[in-house]
Every structure is written in structure tokens, then in C-alpha cells.
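Asks:
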Amino acid sequence: MVRVSLGTAILLDLKEGNLKVKPTTAYIMVGENCQNNCSFCTQARDSTSKADLLGRVTWPEYQFKDVLEALKDAEKDDLRRICLQCLNDPIHLTGLPSMVQRLHDASELPISVSIGPLGVDRSNDLKRSGADRVGIALDGASPTIFDAIKGKDVGNPHTWGSTWRALDDAVSVFGKDNVSTHIIVGMGETDRDVFDTMVKARDTGITVSLFSYTPMKGTSFSGEPPSIERYRALQLMRCSIMGSGSTEGFEFSASGKLISIDIDRIMQEGSSKDAFRTRGCPDCNRPYYNERPRGPMYNYPYSVEDEERKKGIEEAVRYIDGPTSTL
Ligand code: SF4
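Using our numbering, the first residue of the sequence shown is number 3, and each one after it goes up by one.
1) Please list, in chain order, all residues with a C-beta atom less than 5 Å from at least one heavy atom of ligand 1.
2) Closest by CA to Ile113, which one among Glu71, Thr216, Gly137, Ala11?
3) If you count every other CB in all the chains shown that lies within 10 Å of the CB of Met31, and 16 or more means buried, which is it?
4) Quick check on this structure: which residue in Arg240, Pro227, Val6 has the alpha carbon closest to the alpha carbon of Ile265?
5) Where does Thr165 fall in DSSP's three states?
6) I want to know whether the segment 113-128 touches the segment 168-185 - three or more CB-CB distances under 8 Å.
7) Can you pull the DSSP bridge partners for Thr209?
8) Please state whether DSSP places Ile263 in a helix, a strand or coil.
9) Entirely within the segment 192-242 and at least 3 residues each: give me those beta strand (DSSP E) ranges in chain order.
10) To test your reading of the DSSP string, which unbroken alpha helix (DSSP H) runs of 4 or more residues are found completely within the segment 79-107?
11) For Thr60, I'd like the list of residues in its chain whose CB is within less than 6 Å of its CB, leaving aside the five on either flank, ordered along the chain.
12) Kindly provide the ranges of any beta strand (DSSP E) runs that are 3 or more residues long and lie completely inside the segment 21-71, ordered along the chain.
13) Could you have a look at Arg320 and say whether DSSP puts it in helix, strand or coil?
14) Check Arg130 in the structure and name its three-state DSSP category.
15) Per DSSP, what are the beta-bridge partners of Val6 in this structure?
16) Could you tell me which residues DSSP pairs with Tyr302 in its beta bridges?
17) What does DSSP give as the partner residues of Asp141 in its beta bridges?
18) In three-state terms, what does DSSP make of Glu293?
19) In or out: Arg294 buried (at least 16 other Cβ within 10 Å) or exposed?
20) To which residues does DSSP link Arg135 through a beta bridge?
21) Between Thr199 and Gly258, how many whole angstroms is the CB-CB distance? I'm expecting something under 8 Å.
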């Protein structure tokens with residue numbers, strides 16, 4: 003049995019329903035009873051959330067063979083990628099390469115695997131089975147935040163250093179720009195932390211995407227989602243660092259808040275068109291992972307119109323021009 007995101011289930015005709023925005027990637031959850039205990043996560047060991055939740059999204063359960071059949075029929079539809087989201091469940095992880103192989107045999111869609119730190123050998127196994135990309139989440143944007151939300155403070159085995167080593171190993175197997183990580187904004191990090199992490203990732207050939215922290219019942223982390231103004235400013239920063247690679251024009255206050263950014267320069271770059279769109283692997287749009295359909299839309303699951311882009315820039319400017327101590 004596997005779980006697939008509700009949007010994926012509807013798109014694959016495994017479930018009836020209407021989609022406001024269609025996923026462009028088929029999201030499949032691998033494993034159950036994650037042995038890790040990340041403080042923000044509905045699937046964490048100590049979480050009391052419902053078992054079919056990951057983020058805001060519900061994941062109904064199906065026979066893997068039925069999902070394979072549905073994917074065969076769906077190829078000509080809107081899907082452009084398959085993403086396996088793996089819990090730290092040793093039993094299911096043992097069978098992961100053969101699962102990737104079966105998906106690869108059944109579908110021509112490229113396959114990403116989102117997984118905890120793994121070494122060169124397991125990366126090679128996944129690549130040989132047919133995965134073209136791997137994602138290893140940092141989630142926190144500094145060693146301290148990492149320890150607090152998904153490291154030793156919550157009883158997890160990994161460290162900031164071991165996760166970066168795993169990212170480096172993955173790059174050595176999959177190649178530059180074929181490895182992703184992400185940062186959750188709103189876990190207590192400074193803007194400077196996000197900047198430094200993105201620059202380090204860029205220098206290593208790793209793609210960084212952003213999520214906004216989303217409070218979920220049953221998880222141990224308590225906090226508020228970031229303001230949309232701050233998130234927009236960080237999306238523009240991401241766009242510059244991951245797009246052109248430029249780190250020019252960014253200034254920070256003594257407390258690490260972003261206080262200057264060259265928006266005109268960023269908006270002249272080709273990649274700025276999609277600055278506020280969901281980022282990650284190619285063709286991943288993750289509709290409503292963090293967002294209620296009524297908004298605010300932290301990550302748009304589609305290319306935004308000029309009006310939404312203009313509004314996003316105004317929000318970023320409000321943040322940058324705001325109090326220097328506000329994060
Ligand atoms: S490893 Fe992934 S699924 Fe498991 S608790 Fe951490 S974030 Fe959740």
C-alpha cells in the first residue's frame with residue numbers, strides 16, 4: 003500500500019473530486035510511522051495528527067499496483083514528474099529502489115525522491131533504479147534551528163553537518179542542479195540565515211526551495227506562519243541567488259533582518275517572472291501544501307499574472323522598509 007496526495011488521487015481518477023489547481027507532479031508517500039520526530043511534522047513519531055496528513059494535505063491509501071496502472075493512463079495528461087516523499091521507515095525504505103524501478107518501468111515521467119540523509123551507495127541504488135533527482139530537506143536555516151526542530155533536541159539522529167554531507171554525496175551521484183533541499187520559513191531563523199544557507203547551496207550545486215511554516219494540530223512546534231511580506235522578500239532573494247546567482251544588493255540589519263534588496267535588478271532577470279511560484283524540482287507545483295485555497299498564497303502553484311507579481315513586490319518592499327528588528 004502507498005498513499006498519494008489527494009490532488010494526485012483525483013488527477014489519477016483514483017478518487018472523485020474537483021481540483022482548483024491540478025498538480026503537475028504525482029506525489030506518492032512511501033512508508034508509515036516515521037521514526038523521526040521533526041517538531042513541525044504531522045508524520046513525526048510523537049505527533050498526534052491524523053495518519054493520512056502530511057502538511058495540510060490529505061493522503062488516501064491505495065494498492066501500489068493500482069497507482070502504477072493509473073500512472074500509465076495519466077502520462078498524456080497534465081503530469082510531468084513523479085515525486086516519492088519518503089518517511090524514515092526502514093521497512094519501506096529497503097524496498098524503495100525496487101519501487102522506483104517499477105515506476106520507471108511503468109511510466110516515462112522523471113522521478114524525484116525526497117528522503118532523509120543517505121550515502122553514496124543508496125544514492126547510486128536510486129539512480130540505477132531510475133530516479134533522476136533527489137531531495138534532502140534541511141528545513142532549518144541554521145545549525146541551531148536544525149537542532150531545535152529536526153536534530154538532537156527532538157531526538158533525531160541527524161545533524162546540520164551530516165545533512166550537508168549527505169547533500170554533497172547526492173550531488174556527487176546525481177550531479178549539480180539535480181539535488182534539492184528546502185527551508186521552512188518561520189522557525190525562528192533570521193533572513194541572514196536564509197541568505198547564507200542559499201549561498202552555500204548555490205555554491206554546491208543544490209537547488210533551494212522555500213516553504214512557509216504551517217501550524218498543524220498534533221505537532222509539537224508552536225509558532226506563527228511568517229508574514230506574507232517577509233516571505234515575498236525572501237522569495238525575491240531566492241530568485242536572485244538561485245536564478246542569476248547574484249548576491250549583490252542585499253543588506254542586513256545587526257539582528258539579521260533584510261533591509262536592502264535591488265528589486266529592479268532582480269525583476270530584470272528572466273527567472274523573476276516566477277519568483278513567487280512554487281519552486282523545487284522542475285514541474286513541481288505542490289498545490290496548497292502550505293496554503294488554504296482562500297490564501298494567503300505563499301507559493302503560487304502556477305505562473306502569476308502581472309497584477310499578482312506587482313502585489314508581491316509591494317509586499318516585499320513593505321517588509322524591507324519596515325522595522326529593522328521585525329522578522
Ligand atoms: S523525517 Fe520527514 S516525515 Fe519524518 S518526521 Fe521528519 S519531516 Fe516528518
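Positions of the beta carbon are idealized from the N, C-alpha and C atoms, including for glycine.
Replies: Taking the structure as given:
1) Cys36, Asn38, Cys40, Cys43, Gln45, Ala46, Leu89, Asn90
2) Gly137
3) buried
4) Arg240
5) helix
6) yes
7) Ser182
8) coil
9) 208-214
10) 92-96
11) Leu8, Asp54
12) 27-32
13) helix
14) helix
15) Ile30
16) Arg279
17) Ile185
18) coil
19) exposed
20) Ser114
21) Going by Cβ atoms, the distance from Thr199 to Gly258 rounds to 12 Å, so no, they are not a contact pair.
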